[in-house]
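**Student:** Reading the sequence shown from the start, the letters are residues 139 to 580 in this note's numbering.
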Amino acid sequence: MDAVVDAFRDLRKPDGERYAFTVRRDLLTKFFQLLDFGRKAGLLEELAGGFARHQSHMIPVEERDDDEAGKAIPENVIAQLDAQVRTLGVDFPYGQMTPDDVQLMFQTAYVVLRDTGRRPIEVCSLKTNYLEIDGDNVTLIWDNHKKKRYKRRLPITTSTAGAIQHWMRRRDQMVLPPKSRAYLFPSISADTGIPHLIPGNLARAIRAWADALPALHSGNLDRDGAPLPFDTETIFPYAFRHSYAQRHADAGVRPDVLRDLMDHRSVDTTMGYYKVSLERKRDAVATMRLQVVDRSGQPEPMASTTAYEARSVAVPYGNCTEPTNIKAGGKSCPLRFQCAGCGFYRPDPSYLPAVEEQLHQLRTDRETALAMDAADFVTRNLTDQIDAYTEGAEKMHKRLAELPAEQRVEIEEAGRILRKALASDSHTMLPLTVINRDQGAS
């Protein structure tokens, strides 16, 4: 009976996605009701008496964490919001602030939500000493109130920092409640108990804005080919946190890196953004198998999706068809992962970000080797690898550029799906204890 209940606990759809808790619970209940009926009707006399329900045979309620992967706002919808961001905060009363100041404050808060993925309370409570600038490197200092981890640091872009600094210059000219002087986004008045913008007001401003927007396109089409509208009810401050995480997962950012960016304690929470259904993965493989090339960038399409998955193994910069390495799960490379020089190397466009990252690393290594006055064979090997990876990547880019726009978009989406699937399948965390050097100071 334990095995039967375990099967119900992990019951999945044909595409590999687990059924909702309520569905699994109801099916298990019906199974036990069937057993009870069979025994009462005398139809299960030959069934062992020990095959019966125990009090432990239940499916526990799953309490959803707000930080688990949720409904992200698609990037094409965010682009539409960006195009109309100037209307955010219009006709929204906020204490004694002028309409122009109110609009700029909420528009800046929107940029921070969108670009940093912080929770609404973390955005609303940002301090005025929020930035560290070191050349082109800009770091946002913020407080994780939910987990009581303070003075956290997050790298941000110069454009995000510029938007915040523009608001700061405007803010410095305003008359603010005394208790709000230390906060980036001031409170609505001196009489409120909270010294900064509260998440409720931020949510109401975004809700009013979303409701007033003209129809947003979801990017999907109905049966007649007409664009389907996007449900603006799903536009709220916390959704931008999910969008930030999903954006990085789709780009192939490693789970441990995204965990740190999101300030998750457990990588299990982060891994929710890397989930790919079996059906979507099969469709992505069917698209990508036709784009496989050899080490020099010449087309070498796989005969089938089975060949793509079973006759090759994923390595850092592409697929490998070397039999010994396949048997070892990609961990027995005779050439020590100098893939660009191997006849068994089979990259495809889904690996282009990894190839470009490797090129950057190889160029850095070559500069280091030259500075160390390394032997010629060391720098020559690095140069040859750079040339080989560059040749393959340039040919893939050229081939993609020659394709129709619709097919190119399909390949790019397939690449995002496969990068997410690879990150999810291959991710293993080492049992390390991380020491926060700033903890003592905070």
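Even glycine gets a Cβ: it sits at the ideal position worked out from N, Cα and C.
Just mark Q436 as buried or exposed, buried being the case when its beta carbon has 16 or more other beta carbons within 10 Å.
**Tutor:** Result: exposed.
**Student:** Assess contact between the segment 270-290 and the segment 396-413, defined as three or more Cβ pairs (one per stretch) separated by less than 8 Å. Is contact present?
**Tutor:** Yes, since at least three Cβ pairs between the segment 270-290 and the segment 396-413 fall closer than 8 Å, the two stretches touch.
**Student:** Which residues does DSSP pair with L278 in a beta bridge?
**Tutor:** Answer by DSSP bridge pairing, in chain order: L269 and L292.
**Student:** Provide the residue span of the beta strand (DSSP E) that contains P614, from first to last.
**Tutor:** Within the shown structure, residues of the chain are numbered from 139 to 580, placing residue 614 beyond reach of any answer.
**Student:** Taking 8 Å as the threshold (C-beta atoms), are R379 and R257 in contact?
**Tutor:** Yes.
**Student:** If I follow the unbroken alpha helix (DSSP H) through A452, where does it start and stop?
**Tutor:** A452 -> not in any alpha helix (DSSP H); beta strand (DSSP E) instead, spanning V451 to V453.
**Student:** Would you please state the rounded distance, in angstroms, between the beta carbons of I373 and I344? I believe it to be under 8 Å.
**Tutor:** About 7 Å separates the two Cβ atoms, so the contact holds.
**Student:** Whole angstroms are fine: how far does the CA of Y232 sit from the CA of D238?
**Tutor:** Computed Cα separation, rounded: 11 Å.
**Student:** Closest by CA to S263, which one among Q311, W280, T254 and G273?
**Tutor:** The residue with the shortest Cα to Cα distance from S263 is W280.
**Student:** Is the beta carbon of L354 less than 8 Å from the beta carbon of P367?
**Tutor:** It is a contact, given that the beta carbons lie within the stated cut-off.
**Student:** For a quick check, are the C-beta atoms of P324 and L335 less than 8 Å apart?
**Tutor:** In contact: P324 and L335 (Cβ atoms closer than 8 Å).
**Student:** For D253, which residues in the same chain have their Cβ closer than 6 Å to its Cβ, ignoring the five residues on either side in sequence?
**Tutor:** Only T298 meet the Cβ criterion.
**Student:** Mind checking whether G468 and C480 have CB atoms under 8 Å apart?
**Tutor:** Contact: no.
**Student:** In its own chain, which residues sit with a C-beta less than 7 Å from the C-beta of W95, not counting the 5 before and 5 after it?
**Tutor:** The structure shown does not extend to residue 95, since the chain is modelled only from 139 through 580, so no value can be given for it.
**Student:** Would DSSP call L366 helix, strand or coil?
**Tutor:** Here L366 sits in strand by DSSP.
**Student:** Do L497 and T528 have their C-beta atoms within less than 8 Å of each other?
**Tutor:** In this structure, T528 lies closer than 8 Å to L497 by Cβ.
**Student:** Out of A387, F175, G227 and S381, which has the shortest C-alpha to C-alpha gap to D349?
**Tutor:** Checking every option, the nearest Cα to that of D349 belongs to G227.
**Student:** Based on Cα-Cα distance, which residue from Q218, F146 and E183 lies nearest to H195?
**Tutor:** Looking at the Cα atoms, F146 is the closest of the given residues.
**Student:** Is any heavy atom in the ligand ATP found nearer than 7 Å to the beta carbon of Q436?
**Tutor:** By its list of ligands, the structure shown contains no ligand whatsoever, and the ligand ATP lies outside what it can speak to.
**Student:** For S488 versus G410, is the C-beta distance shorter than 8 Å?
**Tutor:** Not in contact: S488 and G410 (Cβ atoms no closer than 8 Å).
**Student:** Can you grab the Cα-Cα spacing for the pair D274 / T295, in whole Å?
**Tutor:** The alpha-carbon atoms of D274 and T295 are separated by roughly 9 Å.
**Student:** Name the residue from L396, Q476, P485 and V414 whose alpha carbon lies nearest to the alpha carbon of P439.
**Tutor:** Residue P485 is the option with its Cα nearest to P439.
**Student:** Does the distance from the CB of T521 to the CB of R537 come in under 8 Å?
**Tutor:** Not a contact, by the Cβ cut-off of 8 Å.
**Student:** Consult DSSP for C471 and reduce its assignment to one of helix, strand or coil.
**Tutor:** It is coil, neither helix nor strand.
**Student:** In angstroms with no decimal places, state the Cα-to-Cα distance between D329 and L322.
**Tutor:** Taking the straight line joining both Cα atoms gives about 18 Å.
**Student:** Quick check on DSSP: helix, strand or coil for Y527?
**Tutor:** DSSP places Y527 in helix when its eight states are reduced to three.
**Student:** Quick one: what's P437 bridged to in DSSP?
**Tutor:** Paired residues: V431.
**Student:** Can you tell me which of the three DSSP states Y412 falls into?
**Tutor:** Looking at Y412 - three-state DSSP - the assignment turns out to be helix.
**Student:** Alpha carbon to alpha carbon, how far is T502 from T266?
**Tutor:** When rounded, the distance between both Cα atoms is 37 Å.
**Student:** Let me check one thing: in DSSP terms, what residues is H334 bridge-paired to?
**Tutor:** Beta-bridge pairing links H334 to P324.
**Student:** Taking Cβ to Cβ, would you say A452 is nearer than 8 Å to L490?
**Tutor:** The answer is no: Cβ separation not under 8 Å.
**Student:** Between Q429 and I549, is the Cβ-Cβ spacing less than 8 Å?
**Tutor:** Yes. Within cutoff.
**Student:** To the nearest angstrom, how far is the alpha carbon of R575 from that of K465?
**Tutor:** Annotation note: pLDDT 46 at R575 (below 50); position unreliable, no value reported.
**Student:** With a 10 Å radius around its C-beta and 16 neighbouring C-beta atoms as the bar for buried, classify S318 as buried or exposed.
**Tutor:** Per the 10 Å Cβ criterion, buried.
**Student:** What residue ranges within the segment 215-273 form continuous alpha helix (DSSP H) runs of no fewer than 4 residues, ordered along the chain?
**Tutor:** Whole alpha helix (DSSP H) segments, 4+ residues: 237-254 and 258-262.
**Student:** For I302 and V240, which I take to be in contact (beta-carbon distance under 8 Å), what is that distance rounded to the nearest angstrom?
**Tutor:** Not really, about 17 Å apart at Cβ, beyond 8 Å.
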